[in-house]
Amino acid sequence: PPNPNVVYSAALMDNAEQMFLSGKSTYPIERTLLTSGLVQSCMTSLANNQQPMNTPHLDVNYKATRRSTFWHK
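What follows is the structure in structure tokens.
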């Protein structure tokens, strides 16, 4: 099997380390809530014969950071 994406894992761990050290997330946590909620809703719809569903939990606003959250090391 192919090797895991080491760069992605390193970037993820760098963000986790910064959060543990500073006590603050390095990017808006709402972004994670939106992406995980989207995946969960898609999988639920798929399991229900792709029926449309209401997604009030995705009604989230947040302000994006000016600095890119891509890894810059």
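Residue numbers (the working numbering): 702 to 774.
From the three backbone atoms N, C-alpha and C, an ideal C-beta is built for every residue, glycine too.
Nearest-angstrom Cα separation, counted from residue j out to residue i
i: T745; j: V708; result: 31 Å
i: M720; j: T727; result: 6 Å
Any C-beta of chain C under 8 Å from that of residue i
i: T727; result: Structure shown: chain C not included; a single protein chain is present.
Residue i, enclosing alpha helix (DSSP H) - first and last residue
i: S710; result: V707 to S723
i: T770; result: Premise fails: T770 is in no alpha helix (DSSP H) and is neither H nor E.
Contact between the segment 756-767 and the segment 731-738: three or more CB pairs below 8 Å?
yes
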